[in-house]
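Working notes, structure below.
Numbering (this note's numbering), first residue to last: 456 to 715.
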């Protein structure tokens with residue numbers, strides 16, 4: 456059944472005009488009055504908004520009218536189903552170049568990431584001025600919405616505004632309430648597998664960690680100075696092993712281990 460993100464209050468029995476993006480999607484699929492769809496409204500920043508508008512789960516709905524540029528639906532039964540990971544994993548990543556960031560956002564959303572912080576670092580190939588950065592953020596947010604609609608997630612990850620690594624690190628609280636991991640090739644870095652095992656072990660100090668912040672570099676990785684700053688901020692170095700992976704592959708491989 457087609458799924459659509461609808462960032463508004465949803466109540467059983469309501470007649471509702473779909474947002475423009477969802478309406479266009481319905482029209483592209485050539486749906487007709489009487490066809491069934493699924494709606495969800497747990498979108499970016501959902502945990503900071505009015506809980507009446509963001510109850511999570513999803514709703515059955517049926518198309519009641521197809522206009523030339525608008526679509527009306529009737530909201531049906533509510534299902535309190537959630538498909539989120541046990542831990543909230545927040546990805547901070549040095550932006551890879553070209554379309555690879557789009558691909559990373561899409562696949563990270565499918566895996567269940569809670570948020571993505573795009574970063575400009577010393578070795579970043581992609582450099583964005585403020586205007587272009589704002590447009591990219593909006594584009595990546597739409598990529599995350601589409602990925603959620605496809606994969607069955609009911610919580611759209613927040614795509615934060617682009618920041619420099621230095622500014623982002625400076626904004627991190629001194630007392631960490633999350634587990635902080637840094638993808639690194641430094642000697643002595645523990646494996647991601649060992650870190651995941653520590654989260655799962657009831658006897659481990661990290662067993663009750665609800666959130667993980669995972670920092671990964673761009674092409675070429677973070678510079679030694681940037682890694683030093685992250686380590687001083689409480690990040691623990693982890694590694695995926697001896698293979699050299701592309702920036703977006705490495706981030707996704709680590710996310711898969713942490714989330715699945």
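Glycine included, C-beta positions come from ideal geometry on N, C-alpha and C.
Collapsed DSSP secondary structure at residue i in the structure displayed
{"i": "residue 595", "result": "helix"}
{"i": "residue 456", "result": "coil"}
{"i": "residue 470", "result": "strand"}
{"i": "residue 681", "result": "helix"}
{"i": "residue 713", "result": "helix"}
{"i": "residue 703", "result": "helix"}
{"i": "residue 482", "result": "helix"}
{"i": "residue 476", "result": "helix"}
{"i": "residue 530", "result": "strand"}
{"i": "residue 641", "result": "coil"}
{"i": "residue 648", "result": "helix"}
For residue j and residue i, the rounded distance between their alpha carbons
{"i": "residue 690", "j": "residue 684", "result": "9 angstroms"}
{"i": "residue 462", "j": "residue 497", "result": "7 angstroms"}
{"i": "residue 505", "j": "residue 698", "result": "Because the pLDDT of residue 505 is 45, which lies under 50, any placement of that residue in the model is unreliable, and the number read from its coordinates should be weighed accordingly. Going from the Cα of residue 505 to the Cα of residue 698 covers about 46 angstroms."}
{"i": "residue 652", "j": "residue 589", "result": "38 angstroms"}
{"i": "residue 482", "j": "residue 648", "result": "45 angstroms"}
{"i": "residue 529", "j": "residue 601", "result": "22 angstroms"}
{"i": "residue 557", "j": "residue 643", "result": "32 angstroms"}
{"i": "residue 595", "j": "residue 471", "result": "27 angstroms"}
According to DSSP, residues forming a beta bridge with residue i
{"i": "residue 615", "result": "DSSP output for residue 615 lists no bridge partner at all."}
{"i": "residue 669", "result": "546 and 636"}
{"i": "residue 690", "result": "Looking at the DSSP assignment, residue 690 forms no beta bridge with any residue, so it has no partner."}
{"i": "residue 494", "result": "459 and 514"}
Tell me the start and end of each unbroken alpha helix (DSSP H) in the stretch 540 to 611 that is at least 4 residues and wholly inside, in chain order. Taking 4 residues as the shortest admissible run, the stretch 540 to 611 contains the following complete alpha helix (DSSP H) segments, listed from N- to C-terminal end: 555 to 566 and 585 to 606.
Specify whether the stretch 562 to 574 and the stretch 515 to 525 touch according to this definition: at least 3 beta carbon pairs, one from each stretch, less than 8 angstroms apart. Short answer: they don't touch.
Contact the stretch 597 to 616 vs the stretch 574 to 582: 3+ CB pairs below 8 angstroms: The stretch 597 to 616 is not in contact with the stretch 574 to 582.
Do the stretch 619 to 638 and the stretch 665 to 685 make contact, defined as three or more Cβ pairs closer than 8 angstroms? Touching, yes, given that three or more Cβ pairs across the two stretches are closer than 8 angstroms.
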